[in-house]
Structures are given as C-alpha cells and as structure tokens.
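Using the numbering used here, read the sequence shown as starting at 5 and increasing by one per residue. Idealized CB from N, CA, C, for every residue including glycine. Only one structure is covered here, and it is reproduced in the block below.
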Amino acid sequence: MEKRHATISDIARETGYSIMTVSRAFNNPDKVSKQTLAQILEKAEELDFHPNQVARSLALKRTNIVYVYIPKELSATEPFVTQTVAAIGERLGENGYSFLLGREFPHKVTCDGVIIMGVNKETEDKISTLQIEKPVVLYGNHEKVPAWVDVDNYAGQKLAVEHLINKGCKNIAYLSAPLYMNYAKERLQGYKDMVVQLQREVVATECSDNNVSAGYEGAKKLLSTGKQIDGIVCATDSIAVGCIHALKERGHEIPKNIAVVGFDGFGYENMTSPRLTTVKQPLYEVGVCLADNLIAMLDGQQPICSKISPELVVNESA
C-alpha cells in the first residue's frame, strides 16, 4: 500500500495549532511567532512533511478553493447536504484546500475546481455543455460527465425488495420519488427488476414530491387500488414516514399487515413508530470520494467515476 503523505491537518493535530496557523507558518512565516514557527517546522520534519503544495499552488496560480454547488431549491440544512458537505470540507482541509458553498452556477467563480450536488436530470444533461473551465465532479451519474460519484441506487432498492421477500412478503408495492430526479428512476428500476425477477406483480405509484405529505397521499393511492399489498418499498425515508402515517391511520399494523422499507438513512428512520427499516446512503464516504476525485484531477490525474454500495439497516418496520 502506498504511504500516505503527511498533510497540514496532520501537523495541526500533532502540534495543537489550528490549520490556519500551520498554513500561515509556511506561507507567511514572518506573521508567526518564532516559538510557534519552530514547533511547526520541527513537527513537519518529524512527519516528513514537505510543503510542495504551497509552492506548486503559487507556481500554478491556484486559489486552493473548491466551489461546492447546491441548487437553490435544496435546503442547506438537509442531512443530505450537511453530512456530505462536512465530509467534503474535512477531506479538502486535510489536503490544504478550503471550500466555498454557493447557489449560483459556477460559470465565473474564482476557484480551482467544482463539486456539483443535488441537481436534477435536466441540469445533469447540461453540465457537459456549460463551459465550466475548471475540473468538475458530480454527485450523481451521467454518461456525458467525465467525473462523478454516486450511491448505487439500483442495487440498494433491490436490497429492499429482497429483504421483504425474505420476510415473507408476497405482494410488494412501490412509492416512487418524482422521476425528474435521476436517483428516483434508478431506484424505481431496481424495484421493478427485482420484482419481475421474482415473478411478482409490479404495483407502483409516483409521489408528487419527496416529502412526508406526498408519501402520505401516495400510500392512500396504493391502498385505493384494491391490491392485496403486504409490503411497500419507498424511494426515500421522507416518503416512507408519510406512508407509515397513512397505513396506521387506516388501522394497518406494521409490519404484521404491511411491512415498509425506506431509502436514505439520514435520521428520519428514527421518527416513526415502529422505527423504519431503510437502505442507508454512506454520505460520509461519498463526500470523501468526491473530494478525493477532484483533488486527483487537480494534481493531473484522469477523472474517474465511482459507485458506492449502500447498506440495509434493519429496524422494526420490516
């Protein structure tokens, strides 16, 4: 295994100084006390740290700033955003980069590279033609975007169906998120393919939105079909929470009458009674992978595409 090079973050942790102070010691040593500078340089030598990145950044006229774009309609307080961005920021910081979180599309933003997350299929289609003159990594996947990282939504939803089958469910229905989002199409296809593979009937309803209210209304539509449903797979945990409300309102015992599985694992699984079984997205791992991919491109390496496997978290709803 290749030896990991020491970073500014490592020196900060070992010396007790902030990353900003350590960075200043290498960039502007006259602005750091002699004692502090001596301790930082001593630790750098001990860890075999060479501030080549600083010199390289100056030579290449880099800003050491990464622009992280999220669309205006996506709340910055959503766990999907906060957990992923926290991982991105931590990884970038370890490698001497800071990041700027923004809502405006990065046509003329002063930065070294761009991470794009939370966009719909239409925006993904346009990314390759938008003339962003910086390396770009997408959280999602698209055949025309050379670098992306995504959760394997298709495989994750097959996991959910398989789990319900193993629990004895015979007639499994599906509540889909809006299909203008790429992940929603992939999850729906995973459900369909698994159900057909098991020679069962496909019963699916598309929700109007990805929220609790839409899940509640979607579940009512499923129940009104008259189908003998004993399991429901939901495209997201938000939809699953609404689904459980609708089922309980109509007197169904969960999971005795109808079992429910969600997808995301952002914390909503703890908001239901019984607690929701869900397919958990590894958001921290995704954030790290997004940052690593972009850093590699900034260092001259070829762009790569990565799919990360989610995991099934079994609770009481199924």
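Task: Status (buried if at least 16 other CB within 10 Å, exposed otherwise) for A181 - done: Taking the first residue of the sequence shown as position 1, residue 181 is located at position 177. Buried, because 16 or more other Cβ atoms sit within 10 Å of the Cβ of A181.
Open item on the list: Residues in the same chain with beta-carbon distance under 8 Å from I262, minus the five sequence neighbours each way, listed in chain order, please.
Closed with: For the purposes of this step, residue 262 is taken as the residue at position 258 of the sequence shown. Closer than 8 Å at Cβ, skipping near neighbours: I233, D234, G235, I236, L251 and H256.
Open item on the list: Just to confirm, is the Cβ distance from G194 to Y220 under 8 Å?
Closed with: Mapped onto the sequence shown, residue 194 falls at position 190. Mapped onto the sequence shown, residue 220 falls at position 216. With contacts defined as CB atoms closer than 8 Å, G194 and Y220 fail to qualify as a contacting pair.
- [ ] Give me the Cβ distance between D116 and K138, rounded to the nearest whole Å; I'm assuming they're in contact under 8 Å.
- [x] If you number the sequence shown from 1, residue 116 lands on position 112. If you number the sequence shown from 1, residue 138 lands on position 134. Here D116 really is in contact with K138; their C-beta atoms are around 7 Å apart, less than 8 Å.
Task: Where K327 falls, given that 16 or more other Cβ within 10 Å makes a residue buried - done: Residue 327 cannot be examined here, being either before or after the span of the chain that is shown, 5 to 322.
TODO: Just mark T81 as buried or exposed, buried being the case when its beta carbon has 16 or more other beta carbons within 10 Å.
DONE: Start at 1 with the first residue of the sequence shown, and residue 81 comes out as number 77. Exposed is the call here.
Task: Among A90, S22 and F53, the one whose alpha carbon lies nearest that of V290 - done: Indexing the sequence shown from 1 puts residue 290 at position 286. Of A90, S22 and F53, the residue nearest in Cα terms is A90.
- [ ] Return the chain-ordered list of same chain residues with a C-beta closer than 7 Å to the C-beta of F267, the five sequence neighbours on each side being excluded.
- [x] To locate residue 267, count along the sequence shown from 1; it is residue 263. Within the same chain, F267 has close Cβ partners G160, Q161, A164, R191, C238, A239, T240, D241, T282 and V283.
Open item on the list: Between the alpha carbons of V72 and H111, how many angstroms are there, rounded?
Closed with: For this step, residue 72 is matched to residue 68 along the sequence shown. For this step, residue 111 is matched to residue 107 along the sequence shown. Cα atoms of V72 and H111: separation of roughly 13 Å, rounded to the nearest angstrom.
- [ ] Please determine, among I299, S13 and K260, the residue with the shortest C-alpha to C-alpha distance to E320.
- [x] Against the sequence shown, residue 320 aligns to sequence position 316. Ranked by Cα distance from E320, the options I299, S13 and K260 are led by K260.
Task: One or two residues paired with Y272 in a DSSP bridge - done: For the purposes of this step, residue 272 is taken as the residue at position 268 of the sequence shown. Under DSSP, Y272 shares a beta bridge with no residue.
- [ ] List in chain order: all unbroken beta strand (DSSP E) runs of 3+ residues lying wholly within the stretch 228-278.
- [x] Taking 3 residues as the minimum length, the beta strand (DSSP E) runs contained wholly in the stretch 228-278 are 235-238 and 263-268, in order along the chain.
Task: Where S310 sits in the DSSP three-state scheme - done: Residue 310 sits at position 306 when you count from the first residue of the sequence shown. In the structure shown, S310 sits in a strand (DSSP, three-state: E or B).
Task: The alpha helix (DSSP H) enclosing T86, as first and last residue numbers - done: Translated into positions along the sequence shown, residue 86 becomes position 82. From DSSP, the alpha helix (DSSP H) with T86 extends over P83 to E98.
TODO: Give me the Cβ distance between E147 and N175, rounded to the nearest whole Å; I'm assuming they're in contact under 8 Å.
DONE: Here residue 147 refers to the residue found at position 143 of the sequence shown. Here residue 175 refers to the residue found at position 171 of the sequence shown. Contact doesn't hold; Cβ gap of about 35 Å is too wide.
Task: Residues of its chain near V318, where Cβ-Cβ distance is below 7 Å and the 5 sequence neighbours each way are ignored - done: For the purposes of this step, residue 318 is taken as the residue at position 314 of the sequence shown. By the criterion of a C-beta distance shorter than 7 Å, V318 is surrounded in its chain by T281, once the five residues flanking it on both sides are discounted.
- [ ] Note the first and the last residue of the continuous alpha helix (DSSP H) segment covering E18.
- [x] Here residue 18 refers to the residue found at position 14 when the sequence shown is read from its first residue. Run containing E18: I12 to T19, per the alpha helix (DSSP H) assignment.
Task: Among Y143, I312, V113 and L78, the one whose alpha carbon lies nearest that of T67 - done: Here the question's residue 67 lines up with position 63 in the sequence shown. Distance from the Cα of T67 is smallest, within the candidate group Y143, I312, V113 and L78, for V113.
Open item on the list: On a Cα-Cα basis, can you pick out the residue from V292, E273 and L78 that is closest to C213?
Closed with: Position 209 of the sequence shown, counting from 1, holds the residue named residue 213. A small fix is needed here, since residue 213 is Asp in this sequence, not Cys. When each option's Cα is compared against that of D213, the closest is L78.
Task: 7 Å CB neighbourhood of K323 in its chain, flanking five on each side removed - done: Missing from the structure shown is residue 323; the chain here goes from 5 to 322 and no further.
Open item on the list: Quick check: what's the CA-CA separation for N324 versus A208?
Closed with: This structure gives no information on residue 324, because the portion of the chain shown stretches from 5 to 322.
Task: Inter-residue spacing [alpha-carbon to alpha-carbon] between L104 and I92 - done: Sequence index remark: in the sequence shown, residue 104 carries index 100 (1-based). Sequence index remark: in the sequence shown, residue 92 carries index 88 (1-based). C-alpha separation (whole angstroms): 11 Å.
Task: D52 in three-state terms, based on DSSP - done: In the sequence shown, the residue the question calls residue 52 occupies position 48. In this structure, D52 counts as coil in the three-state DSSP scheme.
Task: With 16 other Cβ atoms within 10 Å as the buried cut-off, status of R95 - done: One-based indexing of the sequence shown puts residue 95 at position 91. The residue is buried, with at least 16 neighbouring Cβ atoms inside 10 Å.
Task: Reduced DSSP category for L226 - H, G, I as helix; E, B as strand; rest coil - done: Translated into the one-based positions of the sequence shown, residue 226 becomes position 222. Looking at L226 - three-state DSSP - the assignment turns out to be helix.
TODO: Flag this pair as yes or no: are the beta carbons of G122 and V85 separated by less than 8 Å?
DONE: For the purposes of this step, residue 122 is taken as residue 118 along the sequence shown, with counting starting at 1. For the purposes of this step, residue 85 is taken as residue 81 along the sequence shown, with counting starting at 1. Their beta carbons are under 8 Å apart, which means G122 touches V85 by this criterion.
Task: Buried versus exposed, by CB contacts within 10 Å (16 or more), M5 - done: Numbered from 1 along the sequence shown, position 1 holds the residue referred to as residue 5. Note that M5 scores 43 on pLDDT, short of 50, meaning its location in the model is unreliable; the coordinates nonetheless yield the value given after this. With fewer than 16 other Cβ atoms from the protein chains shown falling within 10 Å of its own Cβ, M5 counts as exposed.
TODO: Quick one: grab the DSSP three-state call for G106.
DONE: Looking up residue 106 in the sequence shown gives position 102. Strand.
TODO: List the DSSP bridge partners of I120.
DONE: By 1-based counting over the sequence shown, the position of residue 120 is 116. In DSSP, I120 forms a bridge with Y73 and L142.
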